[in-house]
Amino acid sequence: MSTTLSESDSKTLLSGFGVRFLPESLATGPADAVAFAAQCGGPMALKLCGANIAHKSERGLVHLGVVGADAVSRSCQELLDAARPEDNATGVLIAPMAIGLREFIAGISVDPVFGPTVVFGLGGVLAEAIADVTVRLAPLRRYDAFDMLHSLRSQSLFGPFRGEPAVDLEALADLLCALSAASSQIEGLISIDLNPVMIVDGSPVALDALVEVTAADVVS
Amino acid sequence: MISTEHFTALFDPRAIVVAGASTHPGKFGFVALHNILSCGYSGEVFATNRERAEVLGRSTFADLTEIPDGVVDLVFVCTPAASNPELLRQAASKGIRAAFIASAGYGESGEDGRRLQSDLVDLANELDMVIVGPNGQGLISTPSSLCAQIVAPFPPAGRIGIASQSGNFVSSFMNLSRQSGVGVSRAISVGNAAQVGVIDMLEYYADDPETAVGLVYLEGVPDGREFAKRLEAVCRRMPVVIVKGGASGSGAKAAASHTGSLATDDRVFDGMCRQVGASRASSVAEAFDLAAAFATLPAPSGPRLAIVTTVGGWGVLAADATSNTSLELVDLPDDLRTTLDGLLPPRWSRNNPIDLAGGETKDTVPAVLDAVVRHLDVDATLVLGMGIQSNQGRLEREGPFYPDHGLERIVAFHDRQDSRYVEVALAASAASNKPVLIASELAVADPSNAAVSAVREADRYCFPSAERAVKALHFMYERERWLASFASESSN
Chain X
1 MSTTLSESDS
11 KTLLSGFGVR
21 FLPESLATGP
31 ADAVAFAAQC
41 GGPMALKLCG
51 ANIAHKSERG
61 LVHLGVVGAD
71 AVSRSCQELL
81 DAARPEDNAT
91 GVLIAPMAIG
101 LREFIAGISV
111 DPVFGPTVVF
121 GLGGVLAEAI
131 ADVTVRLAPL
141 RRYDAFDMLH
151 SLRSQSLFGP
161 FRGEPAVDLE
171 ALADLLCALS
181 AASSQIEGLI
191 SIDLNPVMIV
201 DGSPVALDAL
211 VEVTAADVVS
Chain S
1 MISTEHFTAL
11 FDPRAIVVAG
21 ASTHPGKFGF
31 VALHNILSCG
41 YSGEVFATNR
51 ERAEVLGRST
61 FADLTEIPDG
71 VVDLVFVCTP
81 AASNPELLRQ
91 AASKGIRAAF
101 IASAGYGESG
111 EDGRRLQSDL
121 VDLANELDMV
131 IVGPNGQGLI
141 STPSSLCAQI
151 VAPFPPAGRI
161 GIASQSGNFV
171 SSFMNLSRQS
181 GVGVSRAISV
191 GNAAQVGVID
201 MLEYYADDPE
211 TAVGLVYLEG
221 VPDGREFAKR
231 LEAVCRRMPV
241 VIVKGGASGS
251 GAKAAASHTG
261 SLATDDRVFD
271 GMCRQVGASR
281 ASSVAEAFDL
291 AAAFATLPAP
301 SGPRLAIVTT
311 VGGWGVLAAD
321 ATSNTSLELV
331 DLPDDLRTTL
341 DGLLPPRWSR
351 NNPIDLAGGE
361 TKDTVPAVLD
371 AVVRHLDVDA
381 TLVLGMGIQS
391 NQGRLEREGP
401 FYPDHGLERI
411 VAFHDRQDSR
421 YVEVALAASA
431 ASNKPVLIAS
441 ELAVADPSNA
451 AVSAVREADR
461 YCFPSAERAV
471 KALHFMYERE
481 RWLASFASES
491 SN
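Structure below.
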């Protein structure tokens with residue numbers, strides 16, 4: 001038996017290992033959301049947050065590019081209304097929209113033979129078709145993290161790209177090492193998904209996080 | 001606990017007994033004895049046969065209780081599974097420390113077989129014996145001229161140590177060894193790997209002065225973490241080349257039915273190999289290329305490659321092959337360009353690849369090769385176009401005009417020239433301790449070619465193509481980088 005942590009709890013847990021996320025707020029109602037949006041300025045992303053919500057996009061629980069107080073308020077209320085009892089919804093995560101053309105995916109997967117592995121690959125809508133993915137056993141040495149980056153076929157994505165600066169490879173290696181550290185210290189870990197990891201101004205930022213653990217090890 | 005003495009008994013036994021020798025030339029028990037007796041093993045060879053029938057002109061014993069005490073180190077077992085526990089006890093009582101078990105009917109054949117296999121391991125541990133197999137095809141050990149296997153060939157002596165989960169791949173590797181002349185130290189098919197497996201063999205090879213590189217065919221590993229840890233320790237001491245079956249979905253199914261082991265996800269395996277410093281080859285041919293490179297070439301100390309070719313096209317493709325590798329085509333340094341200007345007519349390429357454009361004469365090629373290989377900005381050199389002259393010589397020698405019209409003299413001259421170019425290139429390699437790779441399809445098309453022969457005479461490997469040579473060098477350099485990563489970590 002396994003269970004997933006909420007996006008918010010997943011992010012809090014992984015932040016402790018050095019994974020970088022955008023500033024965001026867990027709003028319990030439209031007023032919170034509107035206040036946070038006003039503080040950030042610009043278009044916002046809103047997502048329903050709960051322990052048992054795994055496929056947010058498919059269920060329409062992600063609202064992107066929401067502009068203005070009225071729209072933010074409406075979006076927040078709609079998401080709260082869409083929650084089912086089994087979602088264990090704790091609120092709506094609201095964050096400024098991240099802007100970047102390059103998306104990667106990173107995470108931890110436990111192989112039945114080799115145990116915990118660190119996974120890194122190309123993200124985005126074509127990710128599965130292109131299947132540019134590299135895997136190493138956890139724990140990683142820093143050399144391994146860089147070797148993972150060098151192993152990706154899509155090397156040109158690391159350079160300056162359509163007006164965006166080159167990727168900070170040190171920061172990307174930090175991210176992989178942080179995942180590696182998390183894999184050895186989270187009790188009962190089954191998987192971690194950071195999808196997508198977007199390159200924002202050259203630096204990797206995880207826009208979503210999902211930590212899956214064995215049910216017995218869940219702490220409330 | 002399996003120790004070095006067990007492996008010595010296995011690979012360098014003082015005397016051998018074949019248990020279950022057969023009078024039928026189609027049976028394992030005949031072939032094993034035949035191969036041991038035919039390849040120069042100098043220790044004493046005994047054989048057992050239930051009826052005491054004469055096999056290959058030799059008398060046999062009814063069972064192991066009749067062989068002399070304390071003389072034999074290795075028993076090669078071809079008897080039915082049911083009789084093997086008693087056989088192992090008898091072997092132990094005679095001081096035998098190692099058994100290679102070719103018998104089938106164990107883990108590969110269902111639940112009963114698995115129980116027999118696990119009982120056999122318990123018994124071997126209790127008797128302090130190493131058992132390899134069951135269901136294996138045998139082992140060879142060239143330092144002892146030992147060919148204890150039920151397959152062919154017996155390869156030339158050399159420094160490649162082979163360990164395989166499939167006996168037929170041992171055979172494939174050894175065929176390539178015999179063809180190329182790059183020899184083998186030890187080779188073993190671990191069969192069902194009941195007590196010892198590929199990783200145990202690699203650990204022995206890493207300590208074995210006869211072995212410089214491990215060459216492995218693998219289908220699955222039961223305990224990935226432990227395997228990775230031990231493999232890394234081996235790779236710190238010795239290069240290891242792995243070709244893995246079951247890499248694709250359909251391959252994995254075939255592998256499961258073959259050795260009863262579970263295939264693991266290909267990307268995990270690939271990443272594990274990179275991490276622990278093993279070179280993962282994509283085919284048997286590539287695996288042998290890499291093993292031959294590691295066994296015969298000095299390691300490159302950097303990525304800078306120079307390509308020397310007698311004519312254009314080969315150099316172009318070789319240069320293309322360096323893209324997507326860790327190697328760099330070195331920009332020719334000014335002083336080297338000046339040196340070559342003085343040796344070659346103006347039409348030479350004046351850059352890397354160094355295309356001699358047919359401008360070579362008998363004295364310039366050695367001078368060019370020497371200058372390039374030894375230059376401080378060059379870490380490795382790939383030499384293409386060797387053997388062309390002697391290839392024409394062969395056509396002339398086999399034609400209707402030979403040996404008249406001056407053909408005898410010119411053919412001999414061509415052969416001498418090709419040999420000499422190769423000798424100079426390889427002498428410069430040895431003197432500068434840098435890899436020089438010679439590539440020509442003549443390695444396969446005409447192994448008797450003078451250039452190819454000269455490479456073999458120098459105990460080097462003639463790569464069958466420039467692309468394959470570049471790939472091998474790439475893996476060698478990757479290994480150097482991996483080794484260096486530990487040095488840089490400890491200095492931080």
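Chains as they are written, first to last, in full-length UniProt numbering: chain X, 1 to 220; chain S, 1 to 492.
Each residue gets a CB set at the ideal place from its N, CA and C atoms; glycine is no exception.
Predicted, not measured: the structure shown is a model, and the values here were computed from it.
Q | Continuous beta strand (DSSP E) stretch holding Glu286(S): start and end | A | Premise fails: Glu286(S) lies in the alpha helix (DSSP H), 284 to 296, not in any beta strand (DSSP E).
Q | Whole runs of the beta strand (DSSP E) within the UniProt domain "CoA-binding" (10 to 106) of chain S, excluding any shorter than 3 residues | A | 15 to 19, 44 to 48, 74 to 77, 98 to 101
Q: Answer with buried or exposed for Arg456(S), where buried requires no fewer than 16 other C-beta atoms within 10 angstroms of its C-beta.
A: buried
Q.
Using beta carbons (cut-off 7 angstroms, strictly below), is Asp144(X) in contact with chain S?
A. yes
Q: Just the C-alpha distance for Gly113(S) and Gln195(S), rounded to the nearest angstrom, thanks.
A: 15 angstroms
**Q.** Nearest-angstrom Cα separation, counted from Glu51(S) out to Ile162(S)
**A.** 36 angstroms
**Q.** Three-state class that DSSP yields for Ala206(S) in the structure shown
**A.** helix
Q: Report buried or exposed for His375(S), applying the criterion of at least 16 other Cβ atoms within 10 angstroms of its Cβ.
A: buried
Q.
Do Arg468(S) and Asp289(S) have their beta-carbon atoms positioned less than 7 angstroms apart in this structure?
A. yes
(Q) Ignoring anything shorter than 4 residues, give me the alpha helix (DSSP H) runs that lie fully in the stretch 167 to 216 of chain X, in order along the chain. (A) 169 to 185
**Q.** For Ala138(X), three-class secondary structure by DSSP
**A.** coil
Q: Using a Cβ cut-off of 7 angstroms (strictly closer), state whether Gly224(S) contacts chain X.
A: yes
(Q) I'd like the span of the beta strand (DSSP E) that includes Val19(X), first residue to last. (A) Premise fails: Val19(X) is in no beta strand (DSSP E) and is neither H nor E.
Q. Quick one: what does DSSP say Tyr402(S) is sitting in, helix, strand or coil?
A. coil
Q: Could you work out which residue in Ser156(X), Ser6(X), Leu179(X), Leu169(X) is closest to residue 255(X) when comparing CA atoms only?
A: This structure does not reach residue 255(X), given that chain X is present from 1 up to 220, and the question cannot be answered.
Q | Between the CA atoms of Asp111(X) and Ala445(S) - distance to the nearest angstrom | A | 45 angstroms
Q: Can you tell me which of the three DSSP states Glu219(S) falls into?
A: coil
Q) Quick one: which chain S residues come within Cβ less than 8 angstroms of Gly115(X)? A) Gly224, Arg225
Q) If we ignore side chains and look at the alpha-carbon of each, how far apart do Leu10(S) and Pro134(S) end up? A) 15 angstroms
Q.
Just verifying my parser: in three-state terms, what is the DSSP assignment at Asp147(X)?
A. helix
Q) Should the stretch 203 to 212 of chain X be called in touch with the stretch 8 to 22 of chain X, which here means at least 3 C-beta pairs below 8 angstroms? A) yes
Q.
Could you tell me which whole beta strand (DSSP E) segments of length 3 or greater appear in the stretch 92 to 180 of chain S?
A. 98 to 101, 130 to 132, 138 to 141, 146 to 149, 157 to 164
(Q) Taking DSSP's pairing of strands, which residues face Asp111(X) in a bridge? (A) Gly115(X)
(Q) With a threshold of 7 angstroms between beta carbons, is Gly277(S) in contact with chain X? (A) no
(Q) By the DSSP assignment, the alpha helix (DSSP H) with Lys244(S) in it spans what residues? (A) It is not in any alpha helix (DSSP H) - Lys244(S) instead sits in the beta strand (DSSP E) that spans 240 to 244.
Q) DSSP state of Ala98(X), grouped into three classes? A) coil
Q: Counting only the same chain and skipping the five closest in sequence on each side, list residues whose C-beta sits under 7 angstroms from that of Ala173(X).
A: Arg142, Ala145, Phe146, Leu149
Q. What are the partner residues of Glu164(X), as DSSP defines its beta bridges?
A. Phe161(X)
Q | Euclidean distance between Cα positions of Ser448(S) and Ser323(S) | A | 32 angstroms
Q. Do Glu328(S) and Asn192(S) have their C-beta atoms closer together than 7 angstroms?
A. no
Q) So is Arg20(X) in contact with chain S if we call contact Cβ pairs under 7 angstroms? A) no
Q. Nearest to Phe100(S) by CA position, among Val424(S), Val316(S), Pro13(S), is which residue?
A. Pro13(S)
Q | Anticipated Cβ contact below 8 angstroms, Ser189(S) with Gly138(S), distance rounded | A | 6 angstroms
(Q) Between Val67(X) and Ala27(X), how many whole angstroms is the CB-CB distance? I'm expecting something under 8 angstroms. (A) Val67(X) to Ala27(X), Cβ: 17 angstroms. No contact.
Q. Interface residues of chain S around Leu137(X) at Cβ under 9 angstroms?
A. Gly224, Arg225, Ala228, Val268, Gly271, Met272, Gln275, Val276
**Q.** Contact set for Phe17(X): own chain, Cβ-Cβ below 6 angstroms, skip 5 residues either direction
**A.** Ala178, Ala181, Ala182
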